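Position 35 of the sequence shown, counted from 1, bears residue number 35 in full-length UniProt numbering, the numbering being contiguous throughout.
So the structure is just underneath, and the comments pick up after that.
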Amino acid sequence: MLVNKHHPLNPLDYQPPDLVTPNVPAGPGELVLLRREAAAAVERMFAAAGSNGVSITVQSSYRSYATQVSLYGSYVAQKGQESADTSSARPGYSEHQTGLALDIGDANVGADCEFTICVEETAAGRWVAAHAADYGFVVRYPPGLQAVTGYLYEPWHLRYVGTAAALDMRARGIPTYEQYLGLQGAPGYK
Ligand SMILES: [Zn+2]
């Protein structure tokens, strides 16, 4: 399943059939929900990071269509639609609605680093950049590829694609899921 600015959820208010809560640390107020396979992979990944002394947290996971309506709406109200579209998906176009995406943080770093570029420099950010593929995840919005993904660099946003695809992408040096699937870039909404 690929979701970007050219490929919305179908239907727009799609709900995943098998959301579960993995047993992993979460940020304040975050009820972690992911599809069953992604949730199991997150548990394995966080356990491996933990054994390397890295404490990852989930800052955001599944978000419903209704949640995205209010989240995107608040971004548009704050900074206007053009700016909002570089960092927040319109309702029905968010990977978080698939139940296969999550945003990570580092438990040992302050909240002012969450959802910002500084995640890249944290132990958690460096660990997922190096090892997430081993558990089937990719850093979905790499630097300098907004023309392909439609989003600015998000070192905190991971997408579960399965280990076969994630390892293949890493081995072949393919940075985005669009390029891996041979799809055109999706810089903006049609
Ligand atoms: Zn995200």
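A virtual CB, placed ideally from N, CA and C, is assigned to each residue, including glycine.
The structure presented is a predicted model; accordingly, all values stated were derived computationally and were not measured.
Whole-Å CB distance - residue i paired with residue j, under 8 Å assumed
| i | j | result |
| --- | --- | --- |
| A107 | H157 | Not quite, the Cβ-Cβ distance comes to about 18 Å (not below 8 Å), so this is no contact. |
| G99 | L31 | Between L31 and G99 the Cβ distance is about 13 Å, and since that is not below 8 Å, they are no contact. |
| Y62 | P16 | 7 Å |
| L12 | P91 | 7 Å |
For residue i: DSSP bridge partner residues
| i | result |
| --- | --- |
| F137 | Y160 |
| A57 | The question names Ala, but residue 57 in the sequence shown is Thr. Answer is G105, bridged to T57. |
| N4 | H7 |
| A26 | V58 |
| E154 | Y141 |
| R35 | L19 |
Beta carbon of residue i nearer than 9 Å to that of residue j
| i | j | result |
| --- | --- | --- |
| Y135 | A166 | yes |
| G188 | D85 | yes |
| T149 | N4 | yes |
| Y151 | G144 | no |
| residue 194 | P25 | Any question about residue 194 goes unanswered here, given that the chain covers just 1 to 190. |
| Y93 | Y14 | no |
| A147 | V139 | no |
| Q59 | G27 | yes |
Any non-hydrogen atom of ligand 3 closer than 8 Å to residue i Cβ
| i | result |
| --- | --- |
| S87 | Because ligand 3 does not appear in the structure shown, any question about it cannot be addressed here, the ligands present being ligand 1. |
Take every Cβ of the segment 110-118, pair it with every Cβ of the segment 173-185, and state whether three or more of those distances are shorter than 8 Å. no
Listed in chain order, which residues are found with a beta carbon closer than 5 Å to a heavy atom of ligand 1? D103, H157
Check whether the segment 117-136 and the segment 48-61 are in contact - that is, three or more C-beta pairs closer than 8 Å. yes
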